[in-house]
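Enquirer:
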Amino acid sequence: MSRITPDEVRELALLARLALSEQEVARMTSDLGAILTYVDALRELDTAGVEPMTHAVPFDCPLREDLVAPSLPIDAALANAPRREGSFFQVPRIVPGPSGGAAEEDL
Amino acid sequence: MEARGASALSIAEGVRSGKLRAREVTEQFLDRVARLDGGLGCYLLVDAEGARRRADAVDAAVKNGSDPGPLAGVPLGIKDIFCTKGVETTCASKILRGFVPPYESTVTARLAAAGAVALGKLNMDEFAMGSSTENSSVKPARNPWSTAHVPGGSSGGSAAATAASLCTGAIGTDTGGSIRQPASLCGVVGMKPTYGRVSRYGVIAFASSLDHPGPFGRTVEDTAALLEVMAGADPLDATSIPAPVGAYRQAARAGREGGSALKGVRLGMPAEYFQPGMDTEVEAAVRAAIEELRAAGATVVPVSLPNTKYAIATYYLICTAEASSNLARYDGVKYGYRTGEARSLEELYTRTRGEGFGAEPKRRIMLGAYVLRAGYYEAYYGKALRARRKIADDFAAAFAQCDAIVTPTSPVPAFKLGERMADPLQMYLADIFTVAPDLAGIPAISQPCGFTKAGLPIGLQTIGPALGEEICFRVAGAYESRTDWHTRLPPEVA
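Encoded structure:
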C-alpha cells in the first residue's frame, strides 16, 4: 500500500501549479511513496524539547539605511518577459471583459 | 605555457609578472574547450568574446603598470546557476531557457574584479538537483577519467571541466554535496565554505538555508585563492557573514611544512562514516590518507556523530520544502519559458511549469508541497528542523574533542551513466557523507586521495567548525604536499 494515492498526487499537483500527465502521476505516486517511506526513519528520533533550526549560523536580521538607490530600469526589468505590452508584463485576461465575457482571450 | 594541468596561480603569477599574456592563455583554453568538450559536455555556453575582452583588459592593466588582480588572466568556468549580466543563465533548465540576467552575481563580479577570465557557463543538474549531472535538461556531462561514468553533481560541469583543464578552476554551489561530491568523483579539489561566508546574491535559489557557493581548483592553494576573492560580507545578501575573510592561501601553504605541518592538530575520525560494507577501495584509500596526516604530525581521535543516519531524510525534507517555495517564481510571466497554449492565467502557470520543469524539480516541488501542507507540516518539516539541530549539535560536540574531522567524501567512486537514474532514492544516497555539513552550515573540503583499480578518483573530506576554513585548508595542504594524486591528469578525449 503506497503512502500516497494518485488522487492525492493530482491534488498536490494542482496546489503546486504543475500540469502532470497521467504517466507522470503514476511515476510520481510510486516515487513519492518510496521517499516518504524512507523519511519515516526520522520518527524514531527523539526531538522532544529541541528547538527547530531554521538557519545554519546564528544571525541577527541586519537593517540597512533606508536610502533611495538606483534600481533596474523598466526596460531592463521587462527585457526577459515572454510577453509584454508597454511597461507591463502581459498575461491572459483574468477579469471578464466589458461585454461580461469570460477569460476567452488566447494570448 | 602548457595549458593541460596548469594551476590557476601559476597562470596568475605568469600574467602578473608579464611572462604570460592573458589573451594567449585565454585562446589556449578556448581552443581546448572547442576541441575537447564535445566528448565531456561540461559547457552549456562558451562566451569567447567576453573572455577575450576580459583578457585584453588584464593585459592592458599589466602594460599600464596597474595591479591586474590576484587572479590575473586565470581562466575560470562558471556553474550556470550564477547570474551573469548579458550572458544567458539557465540553471540547465528548459524553464529558464533564454533568460539573460540584467545583473551580475556578487561572486562572479568579485572574480572578474580580481582579474579572472570567465570562459563560459558550466553544465549542472537542473536547478542543482541531482548528484550526477544527468538531470541537466540540455545534455549529461561526463567524467574525464572515464566517459562511461558520471562526473557527480550537481556541479558536475565545474568538476569535470577543472579536471580536464577546460578551465583552471571553477565555481559551483553545494546544497547537499554538490561541490564536494563531483570534486571527489573527478579528482579535483572542491571547497564548501561556512554558510554565509560567500554571498548568494545572484545565485539562483534552490534551498536558501542550505545553498553554499564555493570554488573548485586543481590544487588546495588554487582553491584557497579563489575563496579569498569570493568570500566576505555583501550588503546585497543579508545572510552573508560580516567576519573578516581568513588567510586561506597562507593556511594552505602552512600545511606544507614537512613532518611537523600538523603538529598539535587533532583530527576526529567518526565511526559513522566508516561502516562495514562500505566500498573497500574507498575505505582503504581514505584510511591510508589519514595515516599520511598522522605522519604530518596530526593526532587522530575517535569521535561520534550519532545522528548521521538521519541526515539524508532530514536534508530531503528541508531542501524540498525550500525548493517548492523558491521554484514558485517560475510562472511564464516575467522571464524564461512560457507555454504556447494557455487560455487562462491558471493554465498559463500549470502548463508552463508542467512543460518547463524536468522530472527531478517536479518531484522535489511535489514533495516540498506535501511536507509543508497543513496537517503534515509539524510531522515532516517541523521534525526535520529539529533533527537538523541535533545533527549540528553532533558536530559542535565533536569539535570539543578535535580541530577537524576527516571522512570519505563519497561512499563510492563515480558510477556509470544511467545506473542510478531509475531510482531517485539511490541517487539521494550518493550524498550520504556530504549532506550533514550542509545542514550544520560548516566548512568542508574534498581533495583527491587515490584511485580505484579501474582508474577512478577517490576523495578525502576534511570538515571544520563554523568559520574554520583555515584548518580545512591547512590539513588539505599538508596532505597534498605529501602525495601526488593531484598531479595526475585524465586522458585527453577528443
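Protein chains in written order, with my numbering: chain A, 425 to 531; chain B, 477 to 970. Glycine included, C-beta positions come from ideal geometry on N, C-alpha and C.
1) My output table needs one value for B:Lys561: the three-state DSSP class, helix, strand or coil.
2) I'd like the list of long-range same chain contacts for B:Arg742, defined as Cβ closer than 6 Å, with 5 residues on each side in sequence excluded.
3) Applying the 10 Å Cβ sphere with the 16-neighbour rule, what's the burial state of B:Arg847?
4) Check each candidate in B:Ala920, B:Gly562, B:Glu564, B:Thr790 and name the one with the smallest Cα separation from B:Lys866.
5) Using the Cβ count rule (16 or more neighbours within 10 Å means buried), how would you classify B:Pro900?
6) Is there contact here, the segment 929 to 937 of chain B with the segment 881 to 888 of chain B, by at least three beta-carbon pairs under 8 Å?
7) May I ask you to list the residues that DSSP assigns as paired with B:Ala920?
8) At least one CB of chain B closer than 9 Å to the CB of A:Val492: is that the case?
9) Pull up the DSSP beta-bridge partners for B:Asp650, would you.
10) If you drop the 5 nearest sequence neighbours on each side, which residues of the same chain put their C-beta closer than 7 Å to that of B:Lys561?
11) Over the uninterrupted beta strand (DSSP E) stretch that includes B:Met745, give me the two end residues.
12) Count the other C-beta atoms from every protein chain shown that fall within 10 angstroms of the C-beta of B:Val911, then say buried if there are 16 or more, exposed otherwise.
13) So which residues on chain B does A:Ala500 lean against when the C-beta distance must stay under 7 Å?
14) At 7 Å on the CB atoms, spell out the chain B contacts of A:Asp431, in chain order.
15) Strictly by DSSP, which residues pair up with B:Ile554?
16) Which of helix, strand or coil does DSSP assign to A:Glu528?
17) When burial is assigned at 16 or more other CB atoms within 10 Å of the CB, is A:Val519 buried or exposed?
18) What does B:Lys495 reach in chain A if we use C-beta pairs closer than 7 Å?
19) Verify the CB distance criterion: does A:Pro506 have a CB-CB separation below 9 Å to chain B?
20) Tell me whether B:Ser801 sits in a helix, a strand or coil according to DSSP, three-state version.
21) I think B:Asn599 touches B:Val614, with their Cβ atoms under 8 Å apart; what is that distance to the nearest whole Å?
22) Would you say the segment 950 to 960 of chain B touches the segment 732 to 747 of chain B, given that touching needs at least three Cβ pairs under 8 Å?
23) For the segment 747 to 834 of chain B, which segments carrying the alpha helix (DSSP H) assignment without a break, of at least 4 residues, lie completely within its bounds, in sequence order?
24) Classify A:Leu487 as buried or exposed, calling it buried when 16 or more other Cβ atoms lie within 10 Å of its own Cβ.
25) Return the bridge partner residues of A:Phe512 from the DSSP annotation.
26) Which of helix, strand or coil does DSSP assign to A:Met425?
27) Unbroken beta strand (DSSP E) runs of length 3 or more, entirely within the segment 497 to 556 of chain B: which are they?
Expert: Quick look at the numbers:
1) Secondary structure of B:Lys561 (DSSP, three-state): coil.
2) For B:Arg742, where only same-chain residues beyond five positions count, the Cβ hits under 6 Å are Thr775, Val777, Cys878, Asp879.
3) Residue 847 of chain B is actually Val in this sequence, not Arg. Per the 10 Å Cβ criterion, buried.
4) Closest in C-alpha terms to B:Lys866, from the list B:Ala920, B:Gly562, B:Glu564, B:Thr790, comes B:Thr790.
5) The residue is buried, with at least 16 neighbouring Cβ atoms inside 10 Å.
6) Contact holds between the segment 929 to 937 of chain B and the segment 881 to 888 of chain B, because three or more Cβ pairs, one in each stretch, are under 8 Å apart.
7) B:Lys668, B:Ile939.
8) Look at A:Val492: its C-beta is not under 9 Å from any C-beta on chain B.
9) According to the DSSP secondary-structure assignment, B:Asp650 is paired through a beta bridge with B:His688.
10) Contacts found: Pro577, Pro578, Tyr579, Glu580.
11) Unbroken beta strand (DSSP E) run through B:Met745: 742 to 746.
12) Around the beta carbon of B:Val911, 16 or more other beta carbons lie within 10 angstroms, which makes this residue buried.
13) Neighbours of A:Ala500 on chain B, chain order: Pro578.
14) Within 7 Å Cβ-Cβ: nothing; A:Asp431 doesn't reach chain B, min ~13 Å.
15) Partner(s): B:Lys597, B:Ile647.
16) Here A:Glu528 scores only 44 on pLDDT, less than 50, and its place in the model should not be relied on; the value that follows carries that caveat. The three-state reading of DSSP puts A:Glu528 in coil, since its state is none of H, G, I, E or B.
17) Result: exposed.
18) Counting only Cβ-Cβ distances below 7 Å, B:Lys495 has no contacts in chain A at all, with the closest Cβ about 41 Å away.
19) Taking a beta-carbon distance threshold of 9 Å, A:Pro506 counts as an interface residue toward chain B.
20) Residue state, collapsed to three classes: helix.
21) About 7 Å separates the two Cβ atoms, so the contact holds.
22) Taking 8 Å as the limit for Cβ pairs, the verdict is that the segment 732 to 747 of chain B does touch the segment 950 to 960 of chain B.
23) Entirely contained in the segment 747 to 834 of chain B, the alpha helix (DSSP H) runs reaching 4 residues are, in chain order, 756 to 771, 787 to 802, 821 to 832.
24) Counting the other CB atoms within 10 Å of its CB gives A:Leu487 a total below 16, which places it among the exposed residues.
25) Answer is A:Glu509, bridged to A:Phe512.
26) Unreliable positioning characterises A:Met425 in this predicted model, as indicated by a pLDDT of 46, which lies under 50. A coordinate reading is not provided.
27) Listed in chain order, the complete beta strand (DSSP E) runs (minimum 3 residues) inside the segment 497 to 556 of chain B are 519 to 522, 551 to 555.
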